[in-house]
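See structure below.
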Amino acid sequence: MTARAVNPLDRRYALLGVMLIAPAVLIFCAVIVYPLVSALYLSLFRIFTPTLTGNFVGFANYAELMSSPEFWRSLLNTFIWTVFTLALQIIFGVAAALMLNQAMVFRSLARSLILFPYFVSTVVAVLVWRWLFNDLYGILNHTLMWMGVLSMPLDWLGSMPNAMVSVVLVGAWKYFPFVVIAVLARLQTIPEQLYEAATIDGAGAWGRFWDVTLPQLRDVLIVVILLRAIWDFKEFDLIYLLTGGGPIIATQTLPLMVYKEAFGLNEMGRASAVAVAMMLVMLVFMIVYFRALRAREEPR
Amino acid sequence: MTQPSIFRPGRRAVLGGAIAAGLAAPTIGRAQGNVTLRWWSPQTAPAQRAAYMFQIRTFEEANPSVRVAVEATSDEGYPAQMAAAFASGQVPSVVTHLPSFALATYWQNNLLEPFNDVIEMVGPQNYFEGANRIYEITPGQFAGTGIGGSAANMMWLRRDLMQAANITEVPRTWDQLRDTCRRLQRGGVFGAPLPYARNSMTSLIFICFVHGAGGSIFTPDLQVNVDNDAFRNALEFYRAMRELCPPGATGYSWGESLTAFVSGAAATGIYTGRVLANVAAQNPRIAQHVTCHMYPTISTNVPHWTFNDFPSVMIPRQAANMPVAKRFAAHLFRADGYIRQLHAAPGHVLPVLRTIYEMPEYQNNPIIEANRPAVQLMSQAAAAGHNLGWETTRHRPNVRAGQIIASHVLAEAVQRFCLNNEPMAQVVSTTAQRLEQLMRA
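Chains as they are written, first to last, in this note's numbering: chain A, 1 to 300; chain B, 1001 to 1441.
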């Protein structure tokens, strides 16, 4: 049996194909593969950040992490933050989208304004919220004291559970407009006949929402929840600027721990190990996301 | 068809010329010696920035091919920014106002350029006696130089409030301080703005209390020294003061603590001389009632201990254009600019040059003139001051001090005991273990 001779034209096409795909592959390698391999590689060393010098320690960084209460507490905090802020984003997002889908005065203006928290810079948003929460000059404490709810200003960001509650609330406020955008777009495509049929069948407002709207939103909500879960899981700036992870490590999530290890303690190796552990958890989110995406794309 | 003139070049010639000029431009620039220096500082209040711009302008006038850009860092953020800068090789040319213990860490890791040349340019004879001792980590070589001194734990009092509360004596001991704060706390005014946050201010101020209890964080030969009565007494007192501080003190850093006193929300303050400038600018009605004193200690037997972070100047070893960077570092001490810089926050950063301190131009400042006893007291306190990098004259330099502060170990001890009510033994034990780990790392 002789090998089939390769057509020179095929070879040229194959070469052209490789050349055309090469830039994308190179960029992918530069921005995805290299940092990933770098993080894995660094996590096997004990490295002093400013000099990037160190020695090979194998899996010692991982072993340290597994036995570190701080790591497990940070992981738990990450889950608490992600679950609660995401739940609130979905609840407020869907509620706001339903409201904005109704015929109302200044609907266009309201639709624009509701996106404001999402577009405003995190630094600015946090500064504003810190002022609102301020014990001496914050309007929140002043209002609550004026209403007689509090006798003394409340420490919103420096004690638990207030700090976590505040961070979750600010996170929900900042990111719920994303849910509004996605859900509102889907709401506008739900056929009106479905509601008319449900009304004829005797469904009330709640019944129409539960039996018509929610099933129609299912697909978009799955995607939104997965995307927001991934983004919230790796949230850094909002939490860092609001509480810095405190009090003690009560609001310290994994991204904050990575930052602290890398630049506070100058332990780049250990920071990389935390980042890799974080990546493994996020991998689960991604697998679920891709499965959901595939399920949506498959013909029914 | 027209003949192309040698004076009217064709399109190809123009394009070729433009490309050639573009390629040659950086070379020409270098040949002409265009240099950009990056100056980092955490002290960037508007008045200070204005003084820096004056210093930059005078330097650029004397060195027309040099441009200097000021970039702000912060007291809480500089460890991360410096680590990233060193790791990436994108270092600033000159860094000012970092505490001396930060320099010690960088010096130990061979990241800094020796500063002997700059000190020679400034004139060693112009400094106050021993002003650069803290930077001589390696004998004969200086890691940096001081750009000022500070007395960060001065006690600030409101005489009008004390008078209204029938308090005549300035508190000398902790018991007296607590009693004073308790009597002054009323009508929306809190007793003191001590920090309870997980940040460097809490760590640094708590160190002052440990020394105020007669202890130290490390022994002179740098063994961890927190499992003792002094450390426990400091924690106990710090917790006792919690009820006399604003609820939000759990998030206080230098700025919030200062504002609490200046705005009148706290009856006493703990800060440097920046109080004077801020009161004058932001709340002048209390200016005549504000007085400055040494912070109390546990008893009259324990002497005062002043926290001086020894604001510094340093040059990273990787910095480009080293000779120009050194010239600029020395230029920062030229009288006209240096005095402006000091006057930007009178009493906050105190001069390290005796020659400057003695100049009428420095002394003739309205705030310094109006508060001469306070400024003198702060100058004396700062001259005898120490910090975690050099806790007492008997201590060896602690090159791990920067990392200990950045790790927030001490601030966390405060939070665990004062906010979380964790048992004393557990807090002390955890703190000792973590300090030992950091010293070993």
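Glycine included, C-beta positions come from ideal geometry on N, C-alpha and C.
query                                                                                                                                                                            : result
Please check the pair B/P1311 and B/I1137, which I expect to be a contact at CB under 8 Å, by giving their CB distance rounded to whole angstroms.                               : Incorrect: roughly 17 Å between the Cβ atoms, too far for contact.
Assign A/F28 to one of three DSSP states: helix, strand, or coil.                                                                                                                : helix
Residue range of the alpha helix (DSSP H) that A/W231 falls in?                                                                                                                  : L214 to F233
Should A/I114 go down as buried or exposed, given a rule of 16 or more other Cβ atoms within 10 Å for buried?                                                                    : buried
So, with DSSP's three-state summary, where would you put A/I356?                                                                                                                 : Outside the displayed span of chain A (1 to 300) sits residue 356 of chain A, for which this structure offers no information.
With 16 as the cutoff for other CB atoms within 10 Å, does B/I1028 come out buried or exposed?                                                                                   : Low per-residue confidence applies at B/I1028: pLDDT is 43, beneath 50, and the placement is therefore not dependable, though the value from the model is reported in the following sentence. Exposed: under 16 other Cβ atoms inside 10 Å.
At a Cβ cut of 8 Å, what residues of the region 1399-1423 of chain B count as close to chain A, listed as they run along the chain?                                              : Q1403, A1406, S1407, H1408, E1412, Q1415, R1416, L1419 and N1420
Under 9 Å, CB to CB, which of the residues in the region 1094-1114 of chain B have a partner in chain A?                                                                         : T1105, Y1106, N1109, N1110 and L1111
CB A/P255 to CB A/I239, shorter than 9 Å?                                                                                                                                        : yes
What number of angstroms, rounded off, separates the C-alpha of B/V1118 from the C-alpha of A/M152?                                                                              : 54 Å
Should B/G1389 and B/A1401 be called a contact, given that it needs their Cβ atoms to be closer than 9 Å?                                                                        : yes
Under the DSSP definition of a beta bridge, which residues are partnered with B/A1072?                                                                                           : B/S1041
Let me know if B/R1158 comes out buried or exposed under the rule of 16 or more other beta-carbons within 10 Å of its beta-carbon.                                               : buried
To be precise: take each residue of the region 1188-1219 of chain B, compare its Cβ to all Cβ atoms of chain A, and keep it if any distance is under 9 Å. Which residues remain? : G1188, F1190, Y1196, A1197, R1198 and N1199
Going along the chain, which residues of its own chain have a beta-carbon closer than 7 Å to the beta-carbon of B/A1287, five neighbours each way excluded?                      : V1279 and A1280
From the beta carbon of B/M1314, is the nearest beta carbon of chain A less than 9 Å away?                                                                                       : no
So with CB distances below 8 Å, who are the chain A contacts of B/F1086?                                                                                                         : T49, P50 and T51
Alpha carbon to alpha carbon, how far is A/L169 from A/V126?                                                                                                                     : 12 Å
If you scan the region 1141-1194 of chain B from start to end, which runs of the alpha helix (DSSP H) of 4 or more residues do you find wholly inside it?                        : 1159-1164 and 1174-1184
Hey, would you say B/N1308 sits closer than 9 Å to B/G1149, going by beta carbons?                                                                                               : yes
If the cut-off is 8 Å on Cβ atoms, which residues from the region 1253-1271 of chain B count as contacting chain A, listed in chain order?                                       : A1260, S1263 and A1265
Which same chain residues, not among the five before or five after A/F176, have their C-beta less than 6 Å away from its C-beta?                                                 : Q89, F92 and G93
Would you check if the region 1403-1410 of chain B and the region 1234-1241 of chain B touch, i.e. whether three or more CB-CB distances between them fall below 8 Å?            : no
Which one of B/W1039, B/W1305 and B/L1184 has the shortest CA to CA distance from B/V1091?                                                                                       : B/W1039
Just to confirm before moving on: does the CB-CB distance between B/G1214 and B/I1270 stay below 9 Å?                                                                            : no
How big is the Cα-Cα spacing for B/P1423 and B/V1210?                                                                                                                            : 18 Å
Using a threshold of 9 Å, state whether the C-beta atoms of B/A1442 and B/C1181 are closer than that.                                                                            : The requested residue 1442 of chain B is not part of the displayed model; chain B covers only 1001 to 1441.
Closer than 7 Å by beta-carbon distance: list the chain C residues that pair up with A/F263, in chain order.                                                                     : In the structure shown, chain C cannot be found, because the protein chains are A and B.
List, in chain order, every chain A residue whose beta-carbon is nearer than 7 Å to that of B/R1247.                                                                             : What sits at residue 1247 of chain B in the sequence shown is Pro, not Arg. By Cβ distance, chain A contributes D135, M152, P153, L154 and D155.
Is the separation between the beta-carbon of A/L305 and that of B/A1260 shorter than 9 Å?                                                                                        : For residue 305 of chain A there is no data in the structure shown, the boundaries of chain A being 1 and 300.
According to DSSP, is B/A1024 part of a helix, a strand, or is it coil?                                                                                                          : Residue placement at B/A1024 is poorly supported in this model, since its pLDDT is 47, which falls under 50; the coordinates still yield a value, given next. Looking at B/A1024 - three-state DSSP - the assignment turns out to be helix.
If I'm right that A/N61 touches A/R270 with Cβ under 8 Å, what's the distance once you round it to whole angstroms?                                                              : 5 Å
Counting only beta-carbon separations shorter than 9 Å, does A/G202 have a partner in chain B?                                                                                   : no
Under the assumption that B/V1275 contacts B/W1156 (Cβ atoms under 8 Å), give the Cβ distance between them as a whole number of angstroms.                                       : 5 Å
Which class does B/R1030 belong to by DSSP, given the choice of helix, strand or coil?                                                                                           : In this predicted model, B/R1030 has a pLDDT of only 45, less than 50, meaning its place in the structure is not dependable enough to derive any value.
CA-CA distance, A/V187 and A/T213?                                                                                                                                               : Reading off the sequence shown, one finds Leu at residue 187 of chain A, where the question assumed Val. Distance between the alpha carbons of A/L187 and A/T213: 8 Å.
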